[in-house]
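Trainee: Below is a structure I'd like to ask you about.
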Amino acid sequence: MSPNRKFALSYSYYPGCSLHASAKEYDVSTKGVFNALRIGLKEVPDWFCCGATPAHNVDELLSLALCAKNLSLAGKVEGDLAVACAACFSRLKTTQHRLKENDIKRKQVETAIDGPVPLGKKVKHLLEILAKDFGLDKLEGAVQKPLTGLKIACYYGCLLTRPPEVPELDDCEAPTIMENVIKAVGGEPVAWSHRLECCGANFTLSRPGVILKLSNEILASAKDAGADCIMVACPLCHGNLDIRQEEIEQATGRRYGMPVFYITQLVGLACGVSPLRLGLESMIVSPAALLREKNLL
Amino acid sequence: MPKTITEQNLRLLIDSLIKEGTRVIGPRRTGTITLYEPLARGEELDLNELPRRSAKEVFFPVCENILSFQRGEEGVKVTDIDPCAFPETVLIGARPCDAAAAPVLDSVFSWDYKDEFFLQRRRKTTVIGLACTTADDACFCSAVGLSPADSKGADLFLTPVREGGYLCEALTDKGKTLITSHARLFAETSAAAPLSLNEPAGVKLDLHKIKGWLDENFESPIWKEIADRCAGCGSCAFLCPACHCFDIVDEGTEAEGHRRKFWDACGFGKFTDHASGHNPRDAQPKRYRNRIMHKFKYYDDKFGQTLCTGCGRCIRWCPVGIDIKAVLEEIQKG
Amino acid sequence: MSRIGVFICHCGENISRTVDVERVAQVTARLPGVAIALDYKYMCSDPGQNLLKKAVAEHKLDGVVVAACSPRMHEKTFRNAARAAGLNPFLCEMANIREHCSWVHEDREEATAKAIDIVKFTVSRVKKDRALAPITVPITKRALVIGGGIAGIQAALDIADAGHQVVLVEREPSIGGHMAQLSETFPTLDCSQCIMTPKMVDVANHPNIKLYTWSEIEEVSGYIGNFQVTVRRKARSVDEDKCTGCGVCMAKCPQKKIDNAFDRNLGTRPAIYVPFPQAVPNTPVIDRDNCTRFKTGKCGVCEKVCGPGAIDYGQQDQLIVEPVGAIVVASGFDLYNIGPKPADSPYEGYGEFGYGAIPDVIDGLTFERLASASGPTGGKILRPSDGKEPKQVVFIQCVGSRAREKGISYCSKICCMYTAKHTMLYKHKIHDGQAYVFFMDARTPGKNYDEFWRRAVEEEEAVYIRGMVSRLYQKGDKVVVMGSDVLVGVQVEIEADLVVLATAVQARTGADLLAQKLGISYDRYNFYSEAHAKLKPVECATAGIYLAGACQGPKDIPDTVSQASAAAAKVMTLFAKDQLEREPIVARVNERNCAGCLACKKVCPYGAVEEKEIRDRNGNLIKTVAYVNPGVCGGCGTCQATCPSKSVELDGYTDEQIMAMIEAL
Amino acid sequence: MKHDFEPKIVAFVCTWCTYAGADLAGTSRMQYPANVRVLKFPCTGRIDPVFILKAFQKGADGVLVSGCHPGDCHYMAGNFHARRRFAAFRKLLEFVGVDLARLEFSWVSAAEGGKWVEVVTDLTERIRTMGPLAEFKELETEEHWSGRLETAELKEAYNNI
Amino acid sequence: MNNTAQKHDATPLVAESYYAAVTDALRTEAARLLSEGVVTAVIGYKEGRRHGTAGPAIVVDPARANELIFSAACVNNLALYLTKAKKGVAGTGKIAIVAKGCDLRALAGLMAESQIRREDLHIIGVACAGVFGSGADRREPLSAGNLAGKCRECSVGAPEGADIVIGTLPPLPELSPVEAEELARLEAMTPAERWAFWKENFARCIRCFACRQVCPFCYCEQCLCDRNRPQAVETTPRPAGNMAWHIVRAMHLAGRCAGCAECERACPMDIPLNLLNRKMARELKELYGHEAGLTPVEKGPLVIYREDDDQSFIK
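Chains as they are written, first to last, in the working numbering: chain A, 11 to 307; chain B, 116 to 449; chain C, 50 to 714; chain D, 33 to 193; chain E, 21 to 335.
Here it is, written out as structure tokens:
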């Protein structure tokens, strides 16, 4: 990647574990999109796990310290911190929020990580960067292949907007930011009911039955609303909706065949990023047929 | 044979006076200004510039207690101040315009009521005058009949000499005694060359003519013209060597307190404010008129003296630039 | 020299145990200006007071210091005693040597020394006391009632029945308020309109009530007993004197498709309308925003069909000044908006309930209109989307109330009861239907309230689910309600035909603006503040203004009516006197010294300071100075502390009195 | 317990809250040092900074100003105005060199008898350790000789006069 | 280093021709206003007898408009002549007043305090490069060396809000803020050191009240310190009363003083009075974001409040 200073906008970047493993395509497509939009992205050196969903259930101090240390590492890289994964985003923001309002906790954490926590470092989700920093108008201008006719169910999941005082991304119960991005790149967001419902998250490992129920409702709701595909911003949601889709179909007997894209994959497609650099091939439910049908491949 | 004293001996004189139990007051630098102040050591004497306030406060302090009272179980006890207890004092370095004012003030303070607070201080004070070698464009002593070399009011008069030090001229017994009792500090010389003195420039005033005009012109549009802009502060009167108005007030609580005498000024709006609410001098021009009248007519009528020595302080420090010299020149024109 | 009497009380042993009262008397007797100093066992007793009275006469006292308990305890007692002895009561002061001395110190020597000091500075103060006469203010015995809902109607009728003139101002075309919109009322299920309309008619016919509908308060000036109120009578476009209320205009109006706000937009009305058939006055008003005539100039049907010729398109707003002596504020409430957040609202709506975008999610007041016999469905409960009878209805309580995250932390007080009522009304009309209620608590304190609620649960079989709802969404023609039952600990999902939200009661939009006109205070939710939460629940801190109904906080009808009658009683109490007497602790301006900078006016919490022009005999303006209206001044003294030249002084707390105390310390 | 120095503390309080709070301390028989002298005002809004100055001049070693908590003012806003006035005044006093530890402000409600005791006790004890307020007392007795303050140097020079 | 500093100090800030041009324009404007009857009087400056001095002048006759001048000696804040205590001087009717940027701030404050009305004034603004310091050498043209302390930090050289503005200033050099530095020096002292500083300064005070009399905001018809029932401030010029007087005056001006520093200039005893006013202005700005007199605001910082004002100093 080119040096940051070449771009008007540039960010430090915290990919998070998933994006280096099960959600590689999210990482690849993020870099693809940012490169296409001439937005600088510099990965934070030596970053490590944010603690994800489990840590804070076990040990709050640990969960805060993990993020605090990552923030402290990020502090050494210029630019606001760009985060792709909804869980990482939530954890990093939560940490800042928590430590800002609680001096005692902050001191404990500072002792634990042996240094100050950069509470002023702005943590931004990709959506925020695309819709606000870069701007919808400019995004619209960057479109080379509008997603015309593609009916997309924008799926926020639980973490992206909640609790409202933490991410401060959009209206927590009726957000529109994903829809706005999709409209900017020419897609057709559908109105549907399960945009903010939980997919079951990490019960995928311990109680897959929960996933079968919850994710099924999401898929069914999207399908009923006439969506061709679902768009997500979270590796875990992606896993539950995409990887488990076949299993859900078997369990419920209803066939969905609903590709589940990351936001960056769709934006990338529209902005002319080569499909080869969007990781489309790693999707379990293949989008090939759909994209061909809509003349997007 | 005239006497001289060196710069250094002048300071030693102060030190030995203090040692003898005499209070010495002389120009002393304090912050950005010079004031006639009690000196603790001869070195403190600073003769470089005309002190901001005149020397009148040596005899007529800014504020002084004239009695004190305590209310006890047996009633009110009044304690008088004894003017005879005032310390022997030497005022050193008084400029001609300051030294000359003291005898002028004697008239008013010893006229029908004898103000012992003033008079005792006068009696107990020996004045060492000092001739002026510089003058600025506010100075006008020579326009009112004095000069930089005038020794009026001084007991001993110093004139700077070219070789450094001063020529000393004893004018009164007090002055002579001062020299004889400190004879070792004075030298006899015949060849001291006085420094040239600086006569203030500008028009000489005909005080008689001015008084004549004032006699006729209590009502005149000129007062408004001159003094509409007067802000009504007391800086002219307070800096003046000859202004001597004072007020008396009781301060303290029901249990104890002091009666105090302190400077007042005819420029203040409250100066003639009656308890009835009526104020005969209800506007600034009337107050300024009183200032001029008092100095150049009333005092003359009563005592045959002019209440101005031309020090120029009121000109220098008037916040609204009223220039008494210019006013007098105007009046002189008629 | 003053002649002060000092009376030192032992208070049994309460004071004398720690304070050497004899010594206090000895020392203070010798203070300058003290004519006599005595100590006595119980100064507040009859013999004690007589001692004081006798001493005043015998020693010709011109001031009295009673060193005893707190003035908050007995200042009145001793001032009355002084008055009885012929001394101006304000020349009697208390020195607090009990609460502030003997009770809080153990060391007898220290306590005695302190007591002496306290007496000493109080003596110094008394010497500077001035005789003060009570202030009297004439009273205009007319009342203004703002708001023509049940609160305003009740207050107006009570005051009018007592024989006083009342001006009743209502901003809608008809009086009636929210109560007129209700179907039945809890806990008796009597028809709201049946009990309401007779009162409305009484108002219209009462000789002592002057009714201004379609009117608003423009400006209020003056003070208790003497307010000047400017009322804006909005142009009705119909001459009230000529109109007979025949209704032909409404019938013939070609523009009939306007949402009927009275019916919560479920039905429509013409551009010339009365909000509901029983309106008082029964005079229509032209809705100029929607009238073709006013929009395009190309109609005029109503004018043509009106027999009496009452239509007046050229009518203008009118400003009328009404002098009144007291004001009852009964401006009512609004309901929490379930739609998207309006720009002027501090409150978030409910995104998880669809921000009002799901047609079959309605609020409680809309349900009232559905259930009302005079409502848009004629009393049949039919859901808005397709007019079908809902067979499963979910009621959700505490929507907006007790929801800190939405900006409101209070309980709206009426929702538990009216939701219970709704389930009953529903069950009575749709016998095979099922009502579910999601609730946090059922709050039913009130006469027959809990019984009523139990009936809903036990007899009318409403299913109460304790828990909140996380989301509503449309699924086909159903509304899916996702919630939790926290008693059982399970997730609940109900496919409902209709969802009714019991939305929070909130202050009227613009309540703050009205408060600013009136000069009364309001809380952070814009509800008006009573002068004391317990002991002055209907008075405002601003004298002469009283509160009734939900403008002060959420209230049900019985409470509202009680408060309205209470406010009316307060007005009548005020009107029972011809003049108002006030403690003369008020500020006075020294006009000679006042330079007219009006800093006092800027800081006065009561708006008591006015500008006054001083003119000479020829009428030329000399200067403008401040003037303190003694009827309005509350006596805080903030003006005096602010005035650089101390040209305004608070009687009873003059600089002289205070400085005398400080100097005596 | 006797102390070497018993300061004079003057308290300016409003009648509705702090005075009543002090009454409550009394009725509850709480104990506190006897140094404080309480002057009653209708409202803290009535308290002029000049009074504080005067108290210091007339020998107070410490001054307490106390009134209703914000929002509880009997007169609605008197204490809000007072708060600004005193915020400014204490800055001024600090600037002319008065140790602000001698000037205390508090909100004590009618229900806070305990807080009254705490505030008065803390202030009294603090001033006890600080000693008398010499500055204003010196000024009160100080006469100046023709503008020159009576410094040690001057005293020494003229100790025999 | 020292040399260059001195050299810089003596460099004239504006050419003499600037003052000549402004004076000409001023006279023309004044003559026009008076002869057309727009105003009944023009309050301006005229030359003093002594070199480099000027004083207030009240001109009512158009023929005498040519007495008016503008120069670096025009130190006075003429707003003084509009306030109640002194306003008899200008008679009645609309009045024109010559105002420097700093004087205008006082006018704004006086309007807010109902002492004057904008419609009664015709404000002739003059662009000002600064005025002579008191006691400065006035034989030389105005330079950093003889400039008044307050002018070194002036931000209102070109007045705003006047009816007419005369003169356009050349770019002026940035000067070290000596007053601000002095303030910082005092603030860095211990309370005892500050007390000693003020005690010594106030001891010199002779209660001539020049500070009060030249202050546009001291328009009280009865000054607190002239009152004797009760005597809030001792009348006599003794250390006690002087301290009280200056504290009370600073408090009364807090939030109102527009910073013209006339009190300090007028003080014949060289007491640095403006330090008090500057200090209070800064504190009020920090506390409540208020700056006196930029535009007329209805309520100053000490006659208004916010419910969430700082109260960290209150227990």
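Each residue gets a CB set at the ideal place from its N, CA and C atoms; glycine is no exception.
Using a C-beta cutoff of 8 Å, does ARG167 of chain B count as contacting chain E?
Mentor: The residue you call residue 167 of chain B lines up with position 52 of the second sequence. Interface with chain E (8 Å Cβ-Cβ cutoff): ARG167 of chain B is included.
Trainee: List, in order along the chain, the chain A residues whose C-beta lies closer than 7 Å to that of TYR522 of chain C?
Mentor: Here residue 522 of chain C corresponds to residue number 473 of the third sequence, with the count starting at 1. Listed by position along chain A, the residues whose Cβ is nearer than 7 Å to that of TYR522 of chain C are SER203.
Trainee: Kindly indicate which residue of C:SER394, C:GLU401, C:LYS566 and C:MET489 has the alpha-carbon position closest to the one of VAL278 of chain C.
Mentor: Start at 1 with the first residue of the third sequence, and residue 278 of chain C comes out as number 229. The residue among C:SER394, C:GLU401, C:LYS566 and C:MET489 with its C-alpha nearest the C-alpha of VAL278 of chain C is C:LYS566.
Trainee: Please decide whether LEU374 of chain B counts as near chain C, where near means a Cβ-Cβ distance under 8 Å.
Mentor: Stepping through the second sequence from its first residue, residue 374 of chain B is reached at position 259. For clarity, residue 374 of chain B is Arg in the given sequence; the question names Leu instead. So no, ARG374 of chain B is outside the interface.
Trainee: Would you say GLN331 of chain E faces chain D, with C-beta separation under 8 Å as the test?
Mentor: Within the fifth sequence, the letter at position 311 stands for residue 331 of chain E. For GLN331 of chain E, the nearest CB of chain D lies under 8 Å from its own CB, placing it at the interface with that chain.
Trainee: In the structure shown, what three-state DSSP assignment does TYR101 of chain E receive?
Mentor: Numbered from its first residue, the fifth sequence carries residue 101 of chain E at position 81. Helix at TYR101 of chain E.
Trainee: Would you say LYS219 of chain E lies against chain D (beta-carbon separation less than 8 Å)?
Mentor: Here residue 219 of chain E corresponds to residue number 199 of the fifth sequence, with the count starting at 1. It does: the Cβ of LYS219 of chain E has a partner Cβ on chain D nearer than 8 Å.
Trainee: If we count Cβ pairs, one from each stretch, closer than 8 Å, do we get three or more for the region 305 to 312 of chain C versus the region 233 to 251 of chain C?
Mentor: no
Trainee: Based on the DSSP secondary-structure assignment, which residues constitute the bridge partners of HIS581 of chain C?
Mentor: For this step, residue 581 of chain C is matched to residue 532 along the third sequence. Its beta-bridge partners are C:LYS585.
Trainee: At a CB-CB cut-off below 9 Å, which residues of chain B make contact with TYR190 of chain D?
Mentor: Residue numbering aside, residue 190 of chain D sits at position 158 when the fourth sequence is read from its first letter. Ordered by position in chain B, the residues that pass the 9 Å Cβ test against TYR190 of chain D are ILE133, GLY136, ARG138, PRO153, ALA155 and PRO202.
Trainee: Mind listing the chain B neighbours of LEU85 of chain D? Cutoff is C-beta to C-beta under 9 Å, in chain order.
Mentor: The residue given as residue 85 of chain D occupies position 53 in the fourth sequence. Chain B residues near LEU85 of chain D: none, gap ~15 Å exceeds 9 Å.
Trainee: Taking C-beta pairs closer than 8 Å, name the residues in chain B that ARG79 of chain C reaches, listed in chain order.
Mentor: Position 30 of the third sequence, counting from 1, holds the residue named residue 79 of chain C. Neighbours of ARG79 of chain C on chain B, chain order: GLU188.
Trainee: What span of residues does the beta strand (DSSP E) with PHE201 of chain B cover, start to end?
Mentor: Counting from 1 along the second sequence, the entry for residue 201 of chain B is found at position 86. No beta strand (DSSP E) contains PHE201 of chain B, which DSSP labels as neither H nor E.
Trainee: So with CB distances below 8 Å, who are the chain B contacts of ASN96 of chain E?
Mentor: Within the fifth sequence, residue 96 of chain E is the residue found at index 76, counting from 1. Going along chain B in sequence order, the residues near ASN96 of chain E (Cβ under 8 Å) are PRO434, VAL435 and GLY436.
Trainee: Would you say TYR702 of chain C reaches chain D, if we count a Cβ-Cβ gap shorter than 8 Å as a contact?
Mentor: Numbered from 1 along the third sequence, position 653 holds the residue referred to as residue 702 of chain C. Chain D, which has a Cβ nearer than 8 Å to the Cβ of TYR702 of chain C, makes this yes.
Trainee: If you draw a straight line from the C-alpha of GLY680 of chain C to the C-alpha of PRO395 of chain B, how long is it?
Mentor: Position 631 of the third sequence, counting from 1, holds the residue named residue 680 of chain C. Position 280 of the second sequence, counting from 1, holds the residue named residue 395 of chain B. Roughly 39 Å between the two C-alpha positions.
Trainee: For LYS40 of chain D versus ILE711 of chain C, is the C-beta distance shorter than 8 Å?
Mentor: Along the fourth sequence, one-based indexing puts residue 40 of chain D at 8. Along the third sequence, one-based indexing puts residue 711 of chain C at 662. Not in contact: LYS40 of chain D and ILE711 of chain C (Cβ atoms no closer than 8 Å).
Trainee: Counting only Cβ pairs nearer than 9 Å, list the residues of chain D close to GLU160 of chain E.
Mentor: Walking along the fifth sequence from the start, residue 160 of chain E turns up at place 140. Within chain D, no residue comes near GLU160 of chain E; the closest Cβ sits about 32 Å away, beyond 9 Å.
Trainee: Helix, strand or coil, according to DSSP, for ASP330 of chain B in the structure here?
Mentor: For the purposes of this step, residue 330 of chain B is identified with residue 215 of the second sequence, where counting begins at 1. Helix, per DSSP.
Trainee: Can you pull the chain C residues whose beta carbon is under 8 Å from the beta carbon of VAL323 of chain E, in chain order?
Mentor: Position 303 of the fifth sequence, counted from the start, is the residue given in the question as residue 323 of chain E. Chain C residues near VAL323 of chain E: ALA648, LYS651, VAL652 and THR691.
Trainee: When DSSP labels each residue in this structure, what does GLY195 of chain B get in the three-state scheme?
Mentor: Indexing the second sequence from 1 puts residue 195 of chain B at position 80. For the record, residue 195 of chain B in the displayed sequence is Asp; it is not Gly. Note: ASP195 of chain B maps to strand in three-state DSSP.
Trainee: Suppose you measure from the CA of LYS376 of chain B to the CA of SER55 of chain E; what does that come to, to the nearest Å?
Mentor: Locating residue 376 of chain B in the second sequence gives position 261, counting from the first residue. Locating residue 55 of chain E in the fifth sequence gives position 35, counting from the first residue. Cα to Cα, the separation comes out at about 52 Å.
Trainee: Hey, could you find the ends of the alpha helix (DSSP H) LEU419 of chain C is sitting in?
Mentor: Looking up residue 419 of chain C in the third sequence gives position 370. It spans 413 to 420 - the alpha helix (DSSP H) in which LEU419 of chain C sits, taken as one unbroken run.
Trainee: Output yes or no for whether 8 Å exceeds the beta carbon distance between SER350 of chain B and ALA230 of chain E.
Mentor: By one-based count along the second sequence, residue 350 of chain B stands at place 235. By one-based count along the fifth sequence, residue 230 of chain E stands at place 210. The answer is yes: Cβ separation under 8 Å.
Trainee: Answer with buried or exposed for PRO439 of chain C, where buried requires no fewer than 16 other C-beta atoms within 10 angstroms of its C-beta.
Mentor: Along the third sequence, read from residue 1 onward, the residue named residue 439 of chain C stands at position 390. By the neighbour-count criterion, in which 16 or more other beta carbons inside 10 Å mark a residue as buried, PRO439 of chain C falls on the buried side.
Trainee: By DSSP, does CYS649 of chain C sit in helix, in strand, or in coil?
Mentor: Here residue 649 of chain C is taken as the residue at index 600 of the third sequence, counted from 1. It is helical.
Trainee: Is SER22 of chain A helix, strand or coil when you go by DSSP?
Mentor: Here residue 22 of chain A refers to the residue found at position 12 of the first sequence. Three-state DSSP puts SER22 of chain A in a strand.
Trainee: Here's a check: name, in chain order, each residue in its chain whose Cβ is nearer than 6 Å to the Cβ of ALA592 of chain C, leaving out the five neighbours to either side.
Mentor: Within the third sequence, the letter at position 543 stands for residue 592 of chain C. Answer for ALA592 of chain C: ILE273, listed in chain order.
Trainee: Using Cβ-Cβ distances below 7 Å, what residues of the region 56 to 78 of chain D are close to chain C?
Mentor: ALA57, GLY58, THR59, ARG61, MET62, GLN63, TYR64, ALA66, ARG69, VAL70, LEU71, PHE73, PRO74, CYS75, GLY77 and ARG78
Trainee: Note down the Cα distance separating GLU632 of chain C from HIS581 of chain C, rounded to an integer number of angstroms.
Mentor: Counted from its first residue, the third sequence places residue 632 of chain C at position 583. Counted from its first residue, the third sequence places residue 581 of chain C at position 532. Distance between the alpha carbons of GLU632 of chain C and HIS581 of chain C: 19 Å.
Trainee: Hey, would you say GLY177 of chain E sits closer than 8 Å to LEU195 of chain E, going by beta carbons?
Mentor: By one-based count along the fifth sequence, residue 177 of chain E stands at place 157. By one-based count along the fifth sequence, residue 195 of chain E stands at place 175. Taking 8 Å as the Cβ cut-off, GLY177 of chain E and LEU195 of chain E do not qualify as a contacting pair.
Trainee: Pull out every residue of the region 328 to 355 of chain C whose Cβ sits closer than 7 Å to any Cβ of chain D, in chain order.
Mentor: Going along the region 328 to 355 of chain C in chain order, one finds no residue with a Cβ nearer than 7 Å to chain D.
Trainee: Is PHE99 of chain A helix, strand or coil by DSSP?
Mentor: Position 89 of the first sequence, counted from the first residue, corresponds to residue 99 of chain A. Three-state DSSP puts PHE99 of chain A in a helix.
Trainee: Let me confirm a value: GLY668 of chain C is counted as buried when at least 16 other C-beta atoms fall within 10 Å, else exposed. Which label applies?
Mentor: Counting from one through the third sequence, the residue named residue 668 of chain C turns up at place 619. Exposed, by the Cβ-count rule.
Trainee: So TRP215 of chain E contacts chain D; which residues on that side make the cut at Cβ distance below 8 Å?
Mentor: For the purposes of this step, residue 215 of chain E is identified with residue 195 of the fifth sequence, where counting begins at 1. Under the 8 Å cutoff, chain D gives VAL128, GLY129, VAL130 and GLU167.
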